[in-house]
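Under our numbering, the first residue of the sequence shown is numbered 4, with each subsequent residue one higher. Glycine is no exception: its CB is placed at the ideal position from the N, C-alpha and C atoms. Beneath this line is the structure, given in structure tokens, with notes to follow.
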Amino acid sequence: MSDFIPVNTPLIEGNEIKYVTEALSTGWISSEGPFVKEFESKFANFCDRKFGSSVTNGTDALLLALMAIGIKKGDEVIMPSFTIISCAQTVVQLGGIPVFVDCDADTYNMRADQVEEKISSKTKAIMGVHIYGLTCDMDVLTELGKKHNLFVIEDAAEAHGQTYKGKKCGSLGDISTFSFYANKHITTGEGGMVVTDNQELFDKCQYYKNLCFTRERRFVHTELGHNMRMTNIQAAIGLAQLEQIDKFIEIKKEMGKFYSEKLAGLKNYTLPKERNEFSENHYWVYPLVSKDLKATEIMSKLGKRGIGTRPFFYPLHKQPVFEIYEHLKGQSLPITESIAEMGFYIPSGLSLTTDQRQRVCDILLEELS
Ligand SMILES: *Cc1c(COP(=O)(O)O)cnc(C)c1O
């Protein structure tokens, strides 16, 4: 198994070691270090946002954004069912209720046209999530937000540097979140950021992520928050990664085109679309949806041939942990349910070599034709 091709490996070949060494040798290792502010301001700027608040991971970025907009007990947040648990669990952790919509069969992104029918008197926010490399329809969500007086959150954890109708992902809606986990376009190992143009929301992020310290008297607290602070060491990595982001996105696009060309002959599989009406695919991952065999069967075949894969997200409305919710009982979101069973993705990391890509294609064509 020595030449097993993992589903993802990051690319660390810029100034990462230099900046981390600087952080260590100057003794600035906590969140009180100069790289944190620099990374926040440069990343916010990269997203065409005024403010950036770095955190420990993308899940915390969502929790912080939800706290900043004031989600509390009984508030409903509308979101896609086809996404990571983080989107829903953070709402639940604040006492809120996640309400799910189906996704589009071609792009796996949420059906913006199915959101309005889910709006109730308890709805407080809509969460748009960009999935796998293409974007969801943020304009429709923003319009609905205005019309019904709701906050719009953009989870751009898979869409650093992506654009929606020419506008940067992360600049859409009231508040946007990112993850810098090792498999994202840029990484800090673990890490995340909330970005916004709204001073008040930003101030709340800074407050809630830092144990709700107040200026008046340190160690006196009127509210409870979290410690979600990113370290200077992580920010050092992030800064070096951000310097290379254009190159990283080029690599992903090239990978996607390579796979699409070589795998075009796989008749029983749906390959990802090169673009939708809003964006050109950045191929955060390269997803395949089978038309006959179940994903588990295919993934086990490919695993035996040394190809790493991952299944698609599991429908959030079917999560065992959410069985307590009456409103989810018997809910059917057919596209989400079907792609969750039939979909998987293949090695898509930034450090995948041309030889590895070719081998992935050769084996897929052998095993799946
Ligand atoms: C990765 C991801 C997250 C969570 O980020 P972590 O850093 O792993 O906590 C949230 N939302 C989406 C869409 C993601 O892909």
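Integer Cβ distance of residue i from residue j, believed to fall under 8 Å
i: Phe281; j: Thr312; result: Phe281 to Thr312, Cβ: 28 Å. No contact.
i: Leu319; j: Phe103; result: 6 Å
i: Ala71; j: Lys294; result: Going by Cβ atoms, the distance from Ala71 to Lys294 rounds to 43 Å, so no, they are not a contact pair.
i: Leu69; j: Val94; result: 6 Å
i: Lys212; j: Gly228; result: 7 Å
i: Lys40; j: Leu245; result: Incorrect: roughly 14 Å between the Cβ atoms, too far for contact.
i: Pro373; j: Gly306; result: The chain is shown from 4 up to 372; residue 373 falls before or after that span and cannot be answered.
i: Gln237; j: Thr166; result: So it is not a contact: roughly 26 Å between Cβ atoms.
i: Gly176; j: Arg52; result: Not confirmed; about 11 Å, so no contact.
i: Gly136; j: Tyr286; result: 5 Å
i: Thr86; j: Val58; result: Their Cβ separation, rounded to whole angstroms, is 19 Å, which puts Thr86 and Val58 out of contact at 8 Å.
i: Asn235; j: Ile32; result: 6 Å
i: Ser123; j: Glu193; result: At roughly 35 Å, the Cβ-Cβ gap does not stay under 8 Å, so Ser123 and Glu193 are not in contact.
i: Leu1; j: Asp158; result: No answer is possible for residue 1: the residues shown for the chain start at 4 and end at 372.
i: Leu144; j: Ile134; result: The pair is not a contact, with the Cβ atoms about 14 Å apart (cut-off 8 Å).
Residue i Cβ short of 8 Å to ligand 1 heavy atom set
i: Tyr184; result: yes
i: Ala160; result: yes
i: Thr86; result: yes
i: Glu193; result: yes
i: Val198; result: no
i: Gly61; result: yes
i: His151; result: no
i: Val155; result: no
i: Thr339; result: no
i: Leu65; result: yes
i: Cys172; result: no
i: Thr356; result: no
i: Cys106; result: no
i: Lys187; result: yes
i: Thr217; result: no
i: Ser89; result: yes
i: Thr180; result: yes
i: Ile134; result: yes
Start-to-end residues for the alpha helix (DSSP H) that takes in residue i
i: Asp206; result: 202-211
i: Ser89; result: 88-96
i: Ser263; result: 248-265
i: Pro337; result: 337-345
i: Glu300; result: 298-307
i: Leu67; result: 61-71
i: Gln361; result: 357-371
i: Gln244; result: 235-245
Span of the beta strand (DSSP E), counted from its first residue to its last, around residue i
i: Ser56; result: 54-58
i: Lys127; result: 126-132
i: Glu79; result: 79-83
i: Leu3; result: Nothing can be reported for residue 3: it is not among the residues displayed for the chain, which extend from 4 to 372.
i: Val104; result: 100-104
Item to check | 4 or more residues per run - each alpha helix (DSSP H) lying fully within the stretch 5-51 | outcome: For the stretch 5-51, whole alpha helix (DSSP H) runs of length 4 or above, ordered along the chain, are 19-29, 37-49.
Next on the checklist: Could you tell me which whole alpha helix (DSSP H) segments of length 4 or greater appear in the stretch 136-210?
Outcome noted: Given a length threshold of 4 residues, each whole run of the alpha helix (DSSP H) inside the stretch 136-210 is given here in chain order: 141-151.
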